[in-house]
Structures are given as C-alpha cells and as structure tokens.
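Trainee:
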Amino acid sequence: AATVEHVFQVKDVMVKPLCKEQMIPAVNGNLPGPTINVREGDTLVVHVINNSTYNVTIHWHGVFQLKSVWMDGANMITQCPIQPSYNFTYQFDITGQEGTLLWHAHVVNLRATLHGALLIRPRSGRPYPFPKPYEEVPLIFQQWWDTDVRLLEIRPAPVSDAYLMNGLAGDSYPCSKNRMFNLKVVQGKTYLLRIINAALNTHLFFKIANHNVTVVAVDAVYTTPYLTDVMILTPGQTVDALLTADQPIGKYYMATIPYISAIGIPTPDTNPTRGLIVYEGATSSSPVKPLMPAPNDIPTAHRFSSNITSLVGGPHWTPVPRHIDEKMFITMGLGLDPCPSNTKCIGPLGQRYAGSLNNRTFMIPERISMQEAYFYNITGVYTDDFPNQPPVKFDYTRFEQRTNSDFKMMFPERKTSVKTIRCNSTVEIVLQNTAILTRESHPMHLHGFNFYVLGYGFGNYDPVRDARKLNLFNPQMRNTVGVPPGGWVVLRFIANNPGIWLFHCHMDAHLPYGIMMAFIVQNGPTPETSLPSPPSNLPQCTRDPRIYDS
Ligand code: C2O
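Numbered according to mature numbering (1 follows the signal peptide of the UniProt record, and there is no 0), the sequence shown spans residues -1, 1 to 549.
Have a look at this one:
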C-alpha cells in the first residue's frame, strides 16, 4: 500500500459559469476541486492550507475512518474549523471499500464550491469484479448560484441558477453555450462513469440518449450488475456505471434533471443540464436528445433506488447481521422554528423552517467540538438522550392534516442530543418520512459506516407486514439513502468504530434546519476498538471576533 499526498490550497477565486463573475472559495483554484486517486489500503494525506476568507473543514464523504474519527472533518462535531490563514493535515487509511466517493467542505453552504471526486481502485494486482474499462471518467453534478454562498442561509434557500456537469453549465443556460462537458469515445469501447451528485439540495435524474448503462457500484460498494437507461442520485450519492459506445457513430446528449418529490415548498429550477458524448469520427450533426423523466416521476426514482442489490461474495461483501442489539424508529421531516426577533422570516406562518428527527432539531455546538467534549469529558455540550421513537404516533404520511400550527410536532424541540451505542452492536433504524409541513424525499447520510438498505416502501411502516419483506440476502449497502416521500426505509449497520458519527439529511439546506443527530460509539475492550487520541495540530476553536461576528 502507498501513501498518497495532496496539498489543498483553499482560496477565493473568480469564476463565471454563467453570465456573471462570482467570487467563490475553491480548492487549488478549480470547480470542482482536484480528483483524488487512491487504491484500497492506501494512506491518504491532505494538507489543507486555508488562504480563503471562510472557516473550512473537509469531510471525506463515505470513508469509514476506521480508528481515525478525528479526520472525519465534520465542523463542530469532530473538529473546530480551520480558520483563515491556518492549516490542518488530514491523514487516514482507506480500507475495506472500493469505488467512487467524494470529498467536500462540511461547513454550511461551502460544500457548494468546495468538493471533488475521491476514486478508490482495488489494491494493485486485484481486478475489478467486472471487465476492465477502456477509460474511467469522473462525472460530477453540481448546483450553482450566481451569488455569494454566504447568502444561501435564508430559509428556504433561494432557487439555484444552474446545475453544472464537471463545472460546466452547457448549452441550455445563457452564456455557457460553448462550455459543455464533452466525453470523447471510441466506438465499441467501454467506459466506467464515476458519477457523483455534489449538488447541495437536489436529487438528480441522469440519462444518456440511446444508451443503456450497467450499474456496478453505488457509494463505493459493488452491486449486482444492473442494466438501466436512467439513474437517480440524491445529494451525496455516487454511482459507478459502465457505458459501452455501442451506437452508430455520432453525438449523443447526456443530461441531468432534478427529481422533485416535494409538495409544500417552492419548485427549483428544472432546466436540464447537458453534456455531450462524441464518437470518434462523428460529423457535425446535431446531437440525439434523451427523453428525460418528468421531475416528479416518483415511480422511476423508486424503481432505480429499490432495484439495486449488492454483489454477494464480491470484494468486501459481508452478510447481513441477523441479531439486532438496538432498534430505533426515527421520524423525519420539516417543521418550524420561531422567528428570531429583529429578523424577517419568509417561511410559513411568518416563521422559519426547521427540521427534525424524532421531533428534535439538532443544534450544532458553537464553542467546542463534540468529539473533543466527549474525549475530554467536558459536560454541557450535548445530552445523551436521543429518543428511540417519536413522542407521538400519527398518520405520518397524510399531508393535509399536518399543516395545522397546533400540531404537536410542528415546532420541534431544539437540542444537541446523541444516541450512545456499545461498540460492535448492530443497529437497526426504521426511518419514517413524514408530511409535517412538506412531503419530500430526504437523503439521509451516515458518517463512518455503510448501512444495509433492507427495504423501501410508501406509507406508514408496518412492523409485521413490512418486516416480512425485508431483503436480508443481498441488500444494497450505502452511506446515503433517499427516504421516499411519504414512505420509509429500513437500515442496519454494525457500530464497530468508536467515536462521534453524524447522521443527517444530505440536502445542505437541511443542515441548519437541524435534520441531524449523532451516534456515540463507545470503546470496545481492545486497543483496536478504542478511541484514538486527537492529532496534535487539531484546529482550535478560540473565537476570533473578526471571523465570527462579521
Ligand atoms: Cu457528505 Cu455529513 O456529509
């Protein structure tokens, strides 16, 4: 195994994806930032030098961080931010996973422009569990605002101005006609598309005109090969798919379009973003267009999400644990937060949006990171009382009844609560989506672990009827799952890594809403299962008023 080293210079740069120049924080001057290439078993070292005007952290989305919780990069959860003109070096091993992941800033909104691909190939000498592709192509989908990212904090967030493909808006947006991602292919060859949805707040459909693809991995876990003409990715999800250039020589559009499952919130931009597949030898004919699903095509989204299965017996595959130590039933959804005085709130009833898990709105600590509070036994930072079920039972999926301001779960409780679990225990979570205020898919992301997705469904989860239908044989494994609008998913994971691990909605707008909680996985009996000590250069939280109060 090797050590792979990178320097990330974070600085403010001018970019112009559409018609207007905009200053953004970027890594090494690029949007998206650098692609990291490692092999499974390697050690990754990234020196982050913060020359921007923002507080930053970098999160390695989907990386297990076995025995390296301090490197998880979750702002105020596992570390204090790297302040302007400070540095921090992330160092960790990448073991037990192969495929495509991403890195991104884990500070509100900054993920919009600070992100990039993290490609994990097999150890040298080990093959892919599919035919070797001719070429590998990272494909990063992004969401763009022609505005300062700091202004995205209002609730609800403003409608974005474009979606980008590898930094380019393409020919369906103004001023970007000639800036479109082009993939040149040779007829008969097979390409591995490493697709990443780095959009802040939007699930995306992706389709290529006249071509099917074969999905071979999701969230850096190999899948049973799955042939499809359309894909869906929630924010934070990745798909590895094989594309064979098996069509007549020509030009073919590939396109993304948002998947909008929501009722109750403003509609985002639904313009498709296009890239181009150009066969070698193609003449200047006009490209073939794909027929995109409608933005609210819930059945198509559900079919893709629920049809994926894991590759039984493939590299790093492990069977589903049958014994469950912790059972949780977690409701999720939006509610309201009383509007702070001297602010003008634009949410329903003159309040602002809040979100909740089991009626708790998660408050991110402000003075010290939770991981440091845990390690040094500092009390008063969080409470160990995250409930195993919501305070009231109701018909979770009926939208019409839930818009009353007197509904018990309309104004969730603001708290920093965690759930403590024993090392190596198996946790099963039924995630029940609700229709309090809005009904929409929420992509839930777990730090530090992959989970088995044992089942997806619509309506209220029924512990008898639905439990019988769970897939305990070859369920997909993921780090991010879209919980269907008005529906549920059942997850299971083995908590084998001590530390504090976030579990949150990966729509960035929903982080400040508080659709978030954290697990504390206790130490096990051996040094192998004990919390590591913090690195000596861990950023400090000492609050510089020039940074925090402006
Ligand atoms: Cu990709 Cu906590 O996030």
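Even for Gly, the Cβ is constructed at its ideal location relative to N, Cα and C.
Would you mind sorting I35 into buried or exposed? The rule is 16 or more other CB atoms within 10 Å of its CB.
Mentor: When all chains shown are included, I35 counts as buried.
Trainee: Runs of 4 residues minimum, wholly inside the stretch 260 to 346: which ones carry the alpha helix (DSSP H) assignment?
Mentor: 297 to 306
Trainee: How long is the line joining the alpha carbons of A494 and S283, rounded to whole angstroms?
Mentor: 55 Å
Trainee: For N496 and G447, what's the separation of their Cα atoms in angstroms?
Mentor: 8 Å
Trainee: Using the Cβ count rule (16 or more neighbours within 10 Å means buried), how would you classify Y110?
Mentor: According to the sequence shown, residue 110 is Arg rather than Tyr. Buried: at least 16 other Cβ atoms inside 10 Å.
Trainee: Hey, T433 and T479: beta-carbon distance below 9 Å or not?
Mentor: no
Trainee: Three Cβ pairs or more, each shorter than 8 Å: is that satisfied between the stretch 236 to 255 and the stretch 316 to 331?
Mentor: no
Trainee: Straight-line CA distance for F457 to P121?
Mentor: 37 Å
Trainee: For N86, collect the residues of the same chain with a Cβ closer than 6 Å to its Cβ; drop the 5 residues on either side in sequence, then sort them by chain order.
Mentor: I48
Trainee: Between residue 556 and the rest of its own chain, which residues show a CB-CB distance below 8 Å, the 5 nearest in sequence each way excluded?
Mentor: Nothing about residue 556 can be read from this structure; the chain reaches only from -1 to 549.
Trainee: Are there three or more Cβ pairs, one per stretch, closer than 8 Å when the stretch 154 to 174 is compared with the stretch 9 to 16?
Mentor: yes
Trainee: What residue from Y352, V220, W69, T425 has the CA that sits closest to G61's CA?
Mentor: V220
Trainee: Can you have a look at R366 and say buried or exposed, based on whether 16 or more other CB atoms are within 10 angstroms of its CB?
Mentor: exposed
Trainee: Find out if the Cβ-Cβ distance for the pair A300, T437 is shorter than 9 Å.
Mentor: no
Trainee: What do you get for L501, buried or exposed, if any count of 16 or more other CB atoms within 10 angstroms of its CB means buried?
Mentor: buried
Trainee: The alpha helix (DSSP H) with L510 in it runs from where to where?
Mentor: 509 to 512
Trainee: Tell me, please, which residues DSSP counts as bridged to M506.
Mentor: Partner(s): none; M506 has no beta bridge.
Trainee: Counting only the same chain and skipping the five closest in sequence on each side, list residues whose C-beta sits under 6 Å from that of K10.
Mentor: Closer than 6 Å at the Cβ level, and outside the excluded window around K10, lie N50, S51.
Trainee: Leaving aside the five residues before and after R38 along the sequence, list all residues of the same chain whose C-beta is less than 6 Å from its C-beta, in chain order.
Mentor: R120, R122
Trainee: Compare the C-alpha of I256 against each of K250, N358, G249, T272 and name the closest.
Mentor: T272
Trainee: Mapping the DSSP letters down to three states, classify Q370 as helix, strand or coil.
Mentor: helix
Trainee: Might you give, ordered along the chain, the residues of its own chain that have their beta carbon closer than 6 Å to the beta carbon of A517, omitting 5 neighbours on each side?
Mentor: If the five residues before and after A517 are omitted, its C-beta is found closer than 6 Å to the C-beta atoms of V417, I499, L501, all from its own chain and listed in chain order.
Trainee: CA-CA distance, M75 and P224?
Mentor: 39 Å
Trainee: Could you check which residue in N209, D218, P80 has the C-alpha nearest to that of D228?
Mentor: N209
Trainee: Give me the Cβ distance between E134 and R193, rounded to the nearest whole Å; I'm assuming they're in contact under 8 Å.
Mentor: With a Cβ gap of about 11 Å, E134 and R193 do not count as contacting.
Trainee: Using a 10 Å radius around the Cβ and a threshold of 16 neighbouring Cβ atoms, would you call A1 buried or exposed?
Mentor: Classified as exposed, A1 has fewer than 16 neighbouring CB atoms from the shown chains inside 10 Å of its CB.
Trainee: Any heavy atom of the ligand C2O closer than 8 Å to the Cβ of residue 570?
Mentor: This structure does not reach residue 570, given that the chain is present from -1 up to 549, and the question cannot be answered.
Trainee: Could you please go through the chain and list the residues whose beta-carbon is closer than 7 Å to any non-hydrogen atom of the ligand C2O?
Mentor: H58, H60, A73, H103, H105, G235, H444, H446, L501, H503, H505
Trainee: At the level of alpha carbons, what is the spacing between T213 and L226?
Mentor: 4 Å
Trainee: Under the three-state reduction of DSSP, which class applies to E39: helix, strand or coil?
Mentor: coil
Trainee: If you follow the beta strand (DSSP E) that G523 is part of, which residue opens it and which one closes it?
Mentor: That residue, G523, is in no beta strand (DSSP E); it is neither H nor E in DSSP.
Trainee: Could you have a look at K414 and say whether DSSP puts it in helix, strand or coil?
Mentor: strand
Trainee: Where do the ends of the beta strand (DSSP E) carrying W69 lie?
Mentor: From DSSP, W69 is part of no beta strand (DSSP E); its letter is neither H nor E.
Trainee: Pairs of beta-carbons, one from the stretch 54 to 70 and one from the stretch 98 to 113, closer than 8 Å: are there three or more?
Mentor: yes
Trainee: Is the CB-CB distance between I276 and L232 below 9 Å?
Mentor: no
Trainee: Run the CB neighbour count on D384, radius 10 Å, all protein chains shown included, and call it buried at 16 or more, exposed below.
Mentor: exposed
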